[in-house]
Amino acid sequence: MLKPTKMTKVVIAGTKDQIEPTISIFHKLNVLHITDFSKETEDFKIGRPLKTASKFSEHLLSLRAISNQLGLKESEPEKLVKVELSSDIDEKITTLQKEVSSRFDELRNIESRLKEKEDLLSSVKPFFSLPLSLESYSGYETLKVYTGYIDIDLESQLIKIHSNFELFAGEYEKRKIFALFIPKEFEGEVQKFLQEERTYVELKVPPLKGNPPVIVDELTKEITGLKEKYSLIKTELDKLKEEYSEFIIATDEHLSIETQKSEVPLKFATSVNAFIIDGWVPSDKFGEIEAELQKNIGGNVYLTRIEEEIDEKEIPIELENPGPAKPFELLIDTFATPKYKEIDPSLFLFITYPLFYALMLGDVGYGIIITAIGFVITQKFKTGGLNAIAMILILSGIFSTIFGVIYGEFFGFPIFNIVFQGHPEEGILGIAGPLIAGIHLPIHRFESVKPLLLLCFAIGIFHVLLGYIIGFRNEVVKHDLKHAVYAKGSWMMVLIGGVLLIAKVMPSLMSKSPMPTRDLIFLAGAGLMLIGVILLIKGEGFISILELPTLLSNILSYSRILAIGLSSAGIALAVNTMSMDLFIRPKGILLGGGIVLALSGVLILFIGHLINLLLGILGPGIHSLRLQYVEFFTKFYEGGGTKYLPFGHKRKYTEE
Amino acid sequence: MVDPSVVDPAIVAANAKGIIAIGAGIAVGLCGIGAGLGEQAIGAAAVGAMAEDEKFFGKGLLMTVIPESIAIFGLVVALILLFVF
Chain A
1332 MLKPTKMTKV
1342 VIAGTKDQIE
1352 PTISIFHKLN
1362 VLHITDFSKE
1372 TEDFKIGRPL
1382 KTASKFSEHL
1392 LSLRAISNQL
1402 GLKESEPEKL
1412 VKVELSSDID
1422 EKITTLQKEV
1432 SSRFDELRNI
1442 ESRLKEKEDL
1452 LSSVKPFFSL
1462 PLSLESYSGY
1472 ETLKVYTGYI
1482 DIDLESQLIK
1492 IHSNFELFAG
1502 EYEKRKIFAL
1512 FIPKEFEGEV
1522 QKFLQEERTY
1532 VELKVPPLKG
1542 NPPVIVDELT
1552 KEITGLKEKY
1562 SLIKTELDKL
1572 KEEYSEFIIA
1582 TDEHLSIETQ
1592 KSEVPLKFAT
1602 SVNAFIIDGW
1612 VPSDKFGEIE
1622 AELQKNIGGN
1632 VYLTRIEEEI
1642 DEKEIPIELE
1652 NPGPAKPFEL
1662 LIDTFATPKY
1672 KEIDPSLFLF
1682 ITYPLFYALM
1692 LGDVGYGIII
1702 TAIGFVITQK
1712 FKTGGLNAIA
1722 MILILSGIFS
1732 TIFGVIYGEF
1742 FGFPIFNIVF
1752 QGHPEEGILG
1762 IAGPLIAGIH
1772 LPIHRFESVK
1782 PLLLLCFAIG
1792 IFHVLLGYII
1802 GFRNEVVKHD
1812 LKHAVYAKGS
1822 WMMVLIGGVL
1832 LIAKVMPSLM
1842 SKSPMPTRDL
1852 IFLAGAGLML
1862 IGVILLIKGE
1872 GFISILELPT
1882 LLSNILSYSR
1892 ILAIGLSSAG
1902 IALAVNTMSM
1912 DLFIRPKGIL
1922 LGGGIVLALS
1932 GVLILFIGHL
1942 INLLLGILGP
1952 GIHSLRLQYV
1962 EFFTKFYEGG
1972 GTKYLPFGHK
1982 RKYTEE
Chain B
37 MVDPSVVDPA
47 IVAANAKGII
57 AIGAGIAVGL
67 CGIGAGLGEQ
77 AIGAAAVGAM
87 AEDEKFFGKG
97 LLMTVIPESI
107 AIFGLVVALI
117 LLFVF
């Protein structure tokens, strides 16, 4: 919590004949973060992959090719499949590959033949309407043949050139088609005429023999045959896919693990007879590792703890948070992995992120729907980033529902009886809001902009102050107290002093009364701010004065909490008013405009709220995150750590 | 004829309210345009940097939203105009 997991630097050394069992043990333990060995010396070189590496990766390659050809998708495992590595695997993969790729090749072959036949068919079809067999269009010594589409009365035009010709005409898909036979000596003239005729489109005669109807029949038959064959092979492939998908997925995982294992020596330092692994393990796991090594290998491999001071940058970071705050690590990692000695802010995000989200959204209806959406996603994705996002969504949804009660909003409709802009409005529950902790519920957002705005600023001040406090602690750890006072303490003083100052100055500015220059709080604020600025200049130079206004803009930035909330509530209100007052309940009478009008009102209601809901997930989500990243994190967060990636693999489909 | 020197206070109040609303609108609108102009170049560069290396996400986001404070200033001015005055 708040700090990353404590890590211990370890060195593992042993003779080369122990390299394989050592790898196996550490892979199974899944705790060792290996530091790459990169500085080769005369005695120590970068290790070579195990002999099995090339074999495994080859198998993996062909397996992936198969699963690609079968179009296999990774799905959640229904049950664990135990795969035993034996010579059997080689054979199985080879035969499977043969079966799949031969069928796959055949499919490709059929596809290309189908394409060919279909092209032929479409080129024969136009000749259907001409009473000639296809071979009679070619093979003449003294005749020239023209075939094509034309849109004019060709005969009358040809007579102008010569009367010696034979013309066949027909129609295909409402276009005129012709075949013209003329003696070769008129070729030039006719050619010229046709070239100048804009409606002429040449049509090539396909290189086939026989009557077009017969040919079309044959081609159609062939195509049907090919299609049948195609679907037959396809079903065979589908059957193969169904039969072997489990095997393929499980073997894929198994081989990936084996490849990973056999390639890991690339990170080791090896001499002629020995190997050395440099790495990190979580400190509390050290004993377990030691025991495991002792049990399996005995004294042949040595594990040593390195206690000396080490560069902080080297230490891998494993964030450590209690379950509910765990999903928020995703947001931290998206921004930057923290350094080893930095505070891990996941826990703060766990509280403030949903809080800001809910302050913005604050609607019982939307809150329940968002919680439900999150719940559905968690059911579908049990691990990974999407699961984390869904968990965040659930939490935010629950908070939003609570704030919906406080704001008294259900899809923009009032829950409790309220007086809005002087008009009494009846709520869904039909009762007046309860009195909780001295506050009359509901707090209607449009009616109480000013107090809510002040609340937002107050939240901003506390949030930024919290950031500085964490920053102060980080500076103390990193440098010393003096440095922390200069770098963060000064800002805290400026912030607190500024707030006191503004709290006193603003009201008098508004009411145009003289400045309360003798007020104690005013003087304290001014003094604190002055000391802060002096410290800041002393610590970071005059240039830092330029940064002072950012503090103001940071605090003002929190007004977005109100602004986004108002816009979301405003859209909901607009949708409700429009559909209710104009369509569903015109002039206060239910169904006063007929059933059709009422139904279109319901449609408007639905679409409007759907859009608002989508905006309601996106807007508050992003802006709440932005307040964390920009306003909060900048006060203390540096980041730049390396993520802890232990050597090992979580088996999803297979058992050890 | 209506004496121009005698003005109905109700009309004055309504006019003042309308002018305040226009002022608020101008404040938000112009600030939004300003922020957008500022953000477009930074955003494009930030996305470019992220395409090269995803680690730039955090820094890119920070840089991109710096001009956004302009829009927030406009918003605050508008809120004060509308609800506090």
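Those sequence lines, one after another, are chains A and B.
So that you can map any letter, position 186 of the first sequence is 1517 in the numbering used here, and since no number is skipped, the others follow by simple counting.
So that you can map any letter, position 83 of the second sequence is 119 in the numbering used here, and since no number is skipped, the others follow by simple counting.
Just so it is clear, CB atoms sit at the ideal spot from N, CA and C, and this is done for glycine as well.
Unbroken beta strand (DSSP E) run spanning residue i, endpoints
i, result
"A/HIS1754", "1754-1756"
"A/ILE1641", "Note, A/ILE1641: premise wrong, no beta strand (DSSP E); not H, not E."
"A/GLY1782", "The residue you asked about is not Gly; residue 1782 of chain A is Pro in the sequence shown. Per DSSP, A/PRO1782 belongs to no beta strand (DSSP E); it is in the alpha helix (DSSP H), 1780-1809."
"A/PHE1751", "1749-1751"
Residue interval of the alpha helix (DSSP H) (run including residue i)
i, result
"A/VAL1521", "1518-1527"
"A/LEU1772", "Note, A/LEU1772: premise wrong, no alpha helix (DSSP H); not H, not E."
"B/ILE58", "45-88"
"A/ILE1674", "Segment: none, A/ILE1674 is in no alpha helix (DSSP H) and carries neither H nor E."
"A/ILE1746", "A/ILE1746 -> no alpha helix (DSSP H), and no H or E assigned at all."
"B/ALA114", "104-115"
"A/GLY1294", "Lying outside 1332 to 1987, the shown extent of chain A, residue 1294 of chain A is not represented and no answer is given."
"A/THR1353", "1350-1360"
"A/ILE1704", "1695-1711"
"A/ASP1664", "1660-1666"
"A/GLY1829", "1821-1842"
"A/TYR1968", "Element bounds for A/TYR1968: n/a, residue is neither H nor E."
"A/THR1714", "From DSSP, A/THR1714 is part of no alpha helix (DSSP H); its letter is neither H nor E."
"B/GLY96", "93-101"
"A/GLN1488", "1485-1492"
"A/LEU1812", "1812-1815"
According to DSSP, residues forming a beta bridge with residue i
i, result
"A/PHE1512", "A/VAL1476, A/GLU1497"
"A/ASP1609", "A/VAL1342"
"A/VAL1292", "Outside the shown range of chain A (1332 to 1987) lies residue 1292 of chain A, about which nothing can therefore be said."
"A/PRO1647", "A/THR1973"
"A/VAL1632", "A/GLY1345"
"A/ALA1600", "A/ILE1377, A/ILE1607"
"A/GLU1740", "A/PRO1745"
"A/ARG1506", "A/TYR1503"
"A/ILE1365", "A/GLY1610"
"A/ALA1763", "A/ASN1748"
Closer than 8 Å, Cβ to any Cβ of chain B: which residues of the region 1662-1676 of chain A, in chain order? THR1665, PHE1666, ALA1667
Start-end ranges of the alpha helix (DSSP H) lying completely within the region 1850-1936 of chain A, minimum 4 residues: 1851-1871, 1879-1888, 1890-1908
Under 9 Å (Cβ pairs) to chain B, residues found in the region 1958-1983 of chain A: TYR1960, VAL1961, PHE1964, THR1965, TYR1968, GLY1970, GLY1971
The region 1883-1894 of chain A / the region 1777-1795 of chain A touching (three or more Cβ pairs under 8 Å): yes
Are the region 1673-1684 of chain A and the region 1925-1939 of chain A touching, with three or more C-beta to C-beta distances below 8 Å? no
Residues of the region 1766-1785 of chain A with a CB closer than 7 Å to any CB of chain B: list them in chain order, please. VAL1780, LYS1781, LEU1784
When you check each C-beta in the region 1882-1906 of chain A against every C-beta of chain B, which residues fall closer than 7 Å? SER1884, LEU1887, SER1888, SER1890, ARG1891, ALA1894
Enumerate, from N- to C-terminal direction, the unbroken alpha helix (DSSP H) stretches of 4 or more residues contained entirely within the region 1384-1467 of chain A. Residue ranges of uninterrupted alpha helix (DSSP H) with 4 or more members, entirely inside the region 1384-1467 of chain A and ordered along the chain, are 1418-1455.
Could you tell me whether the region 1365-1378 of chain A touches the region 1547-1567 of chain A, using the rule of 3 or more Cβ pairs below 8 Å? no
Anything in the region 102-116 of chain B with a Cβ closer than 7 Å to a Cβ of chain A? List those residues in chain order, please. SER105, ILE108, PHE109, LEU111, VAL112, LEU115
At least 3 beta-carbon pairs within less than 8 Å: the region 1752-1768 of chain A vs the region 1700-1708 of chain A: no
Between the region 1717-1729 of chain A and the region 1652-1665 of chain A, do at least 3 Cβ pairs fall closer than 8 Å? yes
Residues of the region 72-84 of chain B whose Cβ lies closer than 8 Å to any Cβ of chain A, in chain order: If the cut-off is 8 Å between Cβ atoms, the region 72-84 of chain B has nothing near chain A.
Spell out a yes or no on whether the region 1872-1880 of chain A and the region 1894-1903 of chain A are touching, meaning 3 or more CB-CB pairs, one atom from each, closer than 8 Å. no
Determine, using beta-carbon pairs with one atom in the region 1761-1777 of chain A and one in the region 1733-1749 of chain A, whether at least three such pairs fall under 8 Å. A contact exists between the region 1761-1777 of chain A and the region 1733-1749 of chain A.
Counting Cβ pairs, one atom from each stretch, are 3 or more of them under 8 Å apart for the region 1839-1856 of chain A and the region 1803-1820 of chain A? no
Pair every Cβ in the region 1706-1717 of chain A with every Cβ in the region 1824-1838 of chain A, then say whether three or more of these pairs are closer than 8 Å. no
Could you check whether the region 1374-1389 of chain A touches the region 1590-1597 of chain A, counting it as contact only if at least three pairs of C-beta atoms, one from each stretch, sit closer than 8 Å? Segments in contact, yes.
Decide yes or no for the touch test of the region 1537-1545 of chain A against the region 1463-1479 of chain A: beta carbon pairs closer than 8 Å, at least 3 of them. yes
Is it a yes or a no for the region 1433-1447 of chain A touching the region 1478-1490 of chain A, going by three-plus beta-carbon pairs under 8 Å? no
Could you check whether the region 1955-1970 of chain A touches the region 1795-1809 of chain A, counting it as contact only if at least three pairs of C-beta atoms, one from each stretch, sit closer than 8 Å? The region 1955-1970 of chain A is in contact with the region 1795-1809 of chain A.
Between the region 1352-1366 of chain A and the region 1605-1615 of chain A, do three or more beta carbon pairs fall short of 8 Å? yes
Counting pairs of beta carbons, one from the region 1947-1955 of chain A and one from the region 1624-1639 of chain A, are three or more of them closer than 8 Å? no
Under 8 Å: do the region 1573-1580 of chain A and the region 1495-1508 of chain A share three or more Cβ pairs, one atom per stretch? no
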